[in-house]
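In short: position in the sequence shown from 1, add 82, done, that's our numbering. Virtual Cβ for every residue (Gly too), placed ideally from N, Cα, C. Okay, structure first, notes after.
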Amino acid sequence: MQVLNTLLQDFSSELSKVQKVADLLNLKSKYIGKQGPLSDVMKNLKDATPEERKTIGAKANEVKGAIEELVSKKMLELEVQEINENLAKDKIDISLTDAVLEKGLQAAGYHPVTIIQKEIEDIFISMGFEVLDGPHIEDDYHNFEALNIPDTHPARDMQDTFWFADKKHLLRTHTSTIQVRGMKTRKPPFRFVGPGKVFRCERTDASHEMVFHQLEGMMVGEDVSVGNLIYFMKTLLTEIFKREVEVRLRPGFFPFVEPGFELDIKCLICGGKGCSVCKQVGWVELLPCGMVHPNVLRHGGIDPEKNSGFAFGLGLDRLVMMRYGIDDIRHLHGADLRFNSQFKSF
Ligand code: DAH
83 MQVLNTLLQD
93 FSSELSKVQK
103 VADLLNLKSK
113 YIGKQGPLSD
123 VMKNLKDATP
133 EERKTIGAKA
143 NEVKGAIEEL
153 VSKKMLELEV
163 QEINENLAKD
173 KIDISLTDAV
183 LEKGLQAAGY
193 HPVTIIQKEI
203 EDIFISMGFE
213 VLDGPHIEDD
223 YHNFEALNIP
233 DTHPARDMQD
243 TFWFADKKHL
253 LRTHTSTIQV
263 RGMKTRKPPF
273 RFVGPGKVFR
283 CERTDASHEM
293 VFHQLEGMMV
303 GEDVSVGNLI
313 YFMKTLLTEI
323 FKREVEVRLR
333 PGFFPFVEPG
343 FELDIKCLIC
353 GGKGCSVCKQ
363 VGWVELLPCG
373 MVHPNVLRHG
383 GIDPEKNSGF
393 AFGLGLDRLV
403 MMRYGIDDIR
413 HLHGADLRFN
423 SQFKSF
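Now the structure itself:
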């Protein structure tokens with residue numbers, strides 16, 4: 083009885099010092115384990131009188147029960163504590179961005195061309211267009227032939243092409259290749275856009291680069307008209323610039339459309355007065371477009387007697403320059419962090 087009387091107290095005072103689950107389990111077995119004082123008491127019960135056995139046995143159970151309860155309470159406490167510690171360690175610091183920026187470090191973000199591309203994709207998706215992709219390395223057929231530019235056609239000279247040594251493959255000079263691939267894999271009516279990089283063997287200056295970006299668009303159906311074309315282009319430009327922009331339509335020649343147009347916007351850099359971006363004209367060629375030529379529809383497996391369509395090729399780099407007031411296209415690929423870090427967006 084003497085042992086039992088002090089057992090609970092001793093246990094309690096040792097318990098208050100325990101900080102870890104492992105220590106708690108050790109303490110538990112020290113007191114009520116097989117080698118512990120409580121089992122000693124139980125073992126010795128056989129030498130006691132039946133009367134003593136009753137009271138000592140009852141007291142022993144009571145102490146054991148109390149210790150077990152204290153252990154499970156403490157266990158819960160320690161587990162919660164452990165979870166909280168882990169949570170504190172693994173915490174996602176949502177203020178990290180600012181912290182990084184304050185230290186003058188560069189946080190990652192989208193390139194301005196990607197920002198515009200994603201935005202335009204969203205605009206077209208909201209108008210029911212699909213977004214298609216196509217290869218950078220193309221063959222003669224997809225880049226020229228199927229677009230109504232036969233082998234001997236002078237229009238091939240409009241695009242200075244990077245040819246591969248086999249003279250059959252090339253780096254695509256425009257995203258119009260996606261028109262061909264898109265037409266062949268779907269049946270009218272359909273509408274899609276196809277953004278991507280294009281390549282031309284050009285001398286670079288403030289408005290020309292060898293690698294730039296276009297977004298092709300195409301809509302084909304039973305009675306698609308110039309009216310549809312103008313509607314979609316106007317909606318697009320209003321959404322992009324978030325204001326009315328002045329536009330003008332001029333006739334333009336592209337072998338794959340008939341009639342073909344040049345849609346220009348009033349230069350947003352100089353307001354029309356003339357600068358290096360608009361080549362002193364005040365207007366910037368932004369959106370060549372037109373009604374898809376019957377030969378092109380035929381190459382795509384579409385009957386031009388039943389269907390018509392419009393197509394356009396939007397130059398993304400110029401659009402970026404207009405929107406952000408960038409006066410030299412070479413900044414876009416200049417890899418200068420002072421330039422890139424101005425367009426952080428996540
Ligand atoms: N592919 C032409 C180019 O890169 C741009 C273009 C013009 C695309 C008219 C079109 C279009 O879809 O209808 O110069």
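Helix, strand or coil at residue i [DSSP, three-state]
i, result
"G51", "There is simply no residue 51 to check, as the chain begins at 83 and stops at 428 in what is shown."
"L311", "helix"
"H193", "coil"
"K141", "helix"
"G44", "No answer is possible for residue 44: the residues shown for the chain start at 83 and end at 428."
"E367", "strand"
"E298", "strand"
"R330", "strand"
"F393", "Sequence check: residue 393 is Ala here, not Phe. Residue state, collapsed to three classes: strand."
"L253", "strand"
"M209", "coil"
"V153", "helix"
"E304", "coil"
"R337", "This sequence places Pro at residue 337; Arg is not what is there. In the structure shown, P337 sits in coil (DSSP, three-state: anything other than H, G, I, E or B)."
"F244", "coil"
"E284", "coil"
"F274", "strand"
"V359", "coil"
"L107", "helix"
Assumed close pair residue i, residue j - CB separation to whole angstroms, cut-off 8 Å
i, j, result
"V145", "L106", "Rounded, the Cβ-Cβ distance is 17 Å, inconsistent with contact."
"V366", "I347", "6 Å"
"V275", "H256", "Between H256 and V275 the Cβ distance is about 14 Å, and since that is not below 8 Å, they are no contact."
"F425", "I197", "6 Å"
"E220", "H251", "7 Å"
For residue j and residue i, the rounded distance between their alpha carbons
i, j, result
"G383", "Q362", "43 Å"
"G278", "N389", "27 Å"
"D204", "H381", "29 Å"
"E369", "R400", "One detail in the question is off: residue 369 reads as Leu in this sequence, not Glu. So the alpha carbons of these two residues sit roughly 10 Å apart."
"I174", "I165", "15 Å"
"E328", "A247", "45 Å"
"G364", "R412", "21 Å"
"G397", "F294", "8 Å"
Spatially closest choice to residue i from the options, by CA coordinates
i, options, result
"F336", "K156, D239, A417 and F421", "D239"
"Y113", "E134, L127 and Q91", "Q91"
"I149", "I197, L97, L127 and M124", "L97"
"T286", "V162, H415 and Y192", "H415"
"N143", "L319, L158 and S121", "S121"
"G334", "E321, L379 and M373", "M373"
"E284", "N168, P132 and F244", "F244"
"K345", "G356, L318 and C352", "Contrary to the premise, residue 345 reads as Leu rather than Lys in this sequence. For the residues G356, L318 and C352, the minimum Cα distance to L345 belongs to L318."
"T259", "M83, H224, V293 and F272", "H224"
"Q430", "A417, G407 and Q296", "Summary: the structure shown does not reach residue 430, with the chain confined to residues 83 through 428, and so no result is reported for it."
"R325", "V162, K316 and Q163", "K316"
Evaluate the contact criterion for the region 305-315 versus the region 231-250: three or more CB pairs, one atom per stretch, below 8 Å. no
Count the C-beta pairs between the region 387-403 and the region 284-300 that are closer than 8 Å, then say yes if the count reaches three, no if not. yes
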